[in-house]
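See structure below.
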Amino acid sequence: MKVLVTDDDATSRLIAQTALRALGHECITASDGTAAWEAFIANMPDVVVSDSIMPGLSGLELCRNIREHPVGGYTYFIMVTSQGGLDEILEGMSAGADDYLVKPLDLDDLQARLIAAARVTALHRQLSQQRSELEELNEELAAIARRDPLTGLGNRRALREYLDLFEGRVARYGHRYCMALLDVDHFKSYNDTYGHQAGDEILRTVAAQLSDQARAGDSLYRYGGEEFLCIFPEQSLETGTIAVERMRRAIEALAIPHPESPTGVLTISAGIAMLDPDHTPSASGAVKQADEALYRAKQLGRNRVVQVAVATR
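Counting in our numbering, the sequence shown runs from 1 upward without gaps.
Written as structure tokens, this is what we have:
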């Protein structure tokens, strides 16, 4: 282990240093509390063996600094006192000390304390590693919980969270977002003709193609069933429509056979609306408007993009 010994008495430092090296430990020394704190920051020792009374920072102040401002793993702190009265021991323990030794140092006592220190610091390292692994696992689970398992896109849960975020940005900063709701045309009949496994493969293919056509910064979600929702930041209805039209053409260009489609291939329809102060600042309102525009696109024959009909305020 790496052990920091701090004592304003040079002889005491030398005795401790010699003993620690004989026991196979790396030893760092400091002649006062201030130098000990600097040595602690620089070396990150596993154990600190500190005299309780020193110039600069006292042993109690050094211990409190280490406990209040941890900069690494757990450090086992052994306070050294010339008296070892109960009040002094309790004060040190309250400051964060783990153990006490009385001067002059007994090398067997020191070795016993270091055995305990090795066990405690190893346990803390293990707990820290487990905590880190648990945090990583929680992050992975949180990401999974926000992903649609079929397409890999964000799911409705993720969408709800981000819509709240976007709505807040509209209210606070005046940002604007173009929102498009896209639907695979005649998807039920495709499923009826080719089966659900083929339908699932189509949804994955459509999701992948929409993702390829989306730009950096665009957000794409599986809204439900065969519907997808794409959010374009800082776009007008006109520029957003151009982006969605590019997506529509890309899906049609895949030329996936679909006997129930008027074109003979799989197509999508889309409705597009705005989330901004000039149209509607409500995320749910914008989604509803996009849904209305999508319904209009279907009424007009599908395989098209329709803007919501709203008056600018």
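Quick reminder that beta carbons are idealized off the backbone N, C-alpha and C, glycines included. The model shown is predicted, which means the values in this text are computed figures rather than measured ones.
Item	Value
Do Leu210 and Met247 count as a contact pair if the criterion is CB distance below 7 Å?	yes
Please determine, among Ala112, Ser82, Trp37, the residue with the shortest C-alpha to C-alpha distance to Ala19.	Ala112
Exposed or buried, what is His279 when buried is set at 16 or more other beta-carbons lying within 10 Å of its beta-carbon?	buried
Identify every residue that forms a DSSP beta bridge with Val244.	Paired residues: none, contrary to the question.
How is the beta strand (DSSP E) around Met79 delimited, first residue to last?	76–81
Out of Glu140, Gly174, Ile256, His175, state which residue places its alpha-carbon closest to the alpha-carbon of His186.	Ile256
Using beta-carbon positions only, say whether Asp276 and Val120 come within less than 7 Å of one another.	no
How big is the Cα-Cα spacing for Ala311 and Glu245?	Residue placement at Ala311 cannot be trusted, given a pLDDT of 46 that sits under 50; the coordinates are not used to answer.
Less than 7 Å between the C-beta atoms of Met274 and Ile231, yes or no?	no
With burial defined as no fewer than 16 other Cβ atoms inside 10 Å of the residue's Cβ, what is the status of Gln289: buried or exposed?	buried
Leaving out the 5 sequence neighbours to the left and right, which residues in its chain are closer than 7 Å to Ser128 when beta-carbon positions are compared?	Gly73
Consult DSSP for Gln235 and reduce its assignment to one of helix, strand or coil.	coil
Say whether the segment 92–109 touches the segment 37–45, bearing in mind that this needs 3 or more beta-carbon pairs closer than 8 Å, one atom from each stretch.	no
Leaving aside the five residues before and after Leu105 along the sequence, list all residues of the same chain whose C-beta is less than 8 Å from its C-beta, in chain order.	Ser12, Ile15, Ala16, Ala19, Val80
Between Tyr100, Arg302, Thr75, which has its C-alpha nearest Asp87's C-alpha?	Tyr100
Check each candidate in Pro70, Tyr190, Leu254 and name the one with the smallest Cα separation from Gln213.	Leu254
In angstroms, rounded to a whole number, what distance separates the CA positions of Arg131 and Thr267?	48 Å
Could you say which of Gly271, Ala35, Arg249 lies nearest to Met237 if we only look at CA atoms?	Position check: residue 237 holds Leu in this sequence, whereas Met was assumed. The candidate whose alpha carbon is nearest that of Leu237 is Gly271.
Could you tell me how far apart the beta carbons of Ser269 and Ala297 are, in whole angstroms, since I believe they sit closer than 8 Å?	4 Å
Over the uninterrupted beta strand (DSSP E) stretch that includes Thr29, give me the two end residues.	26–30
Going by beta carbon distance, what residues of the same chain come within less than 6 Å of Gly217, once the five residues before and after it are set aside?	Pro233
Taking the CB atoms as reference points, tell me whether Val49 and Ile89 lie closer together than 7 Å.	no
Return the Cβ separation of Phe228 and Ala207 in integer angstroms, given the expectation that the two are a contact with Cβ distance under 8 Å.	7 Å
Who does Tyr100 pair with in a DSSP beta bridge?	Met79
Could you work out which residue in Ile53, Asp192, Leu141, Tyr173 is closest to Glu92 when comparing CA atoms only?	Looking at the sequence itself, residue 92 is Gly, so the reference to Glu does not match. Checking every option, the nearest Cα to that of Gly92 belongs to Ile53.
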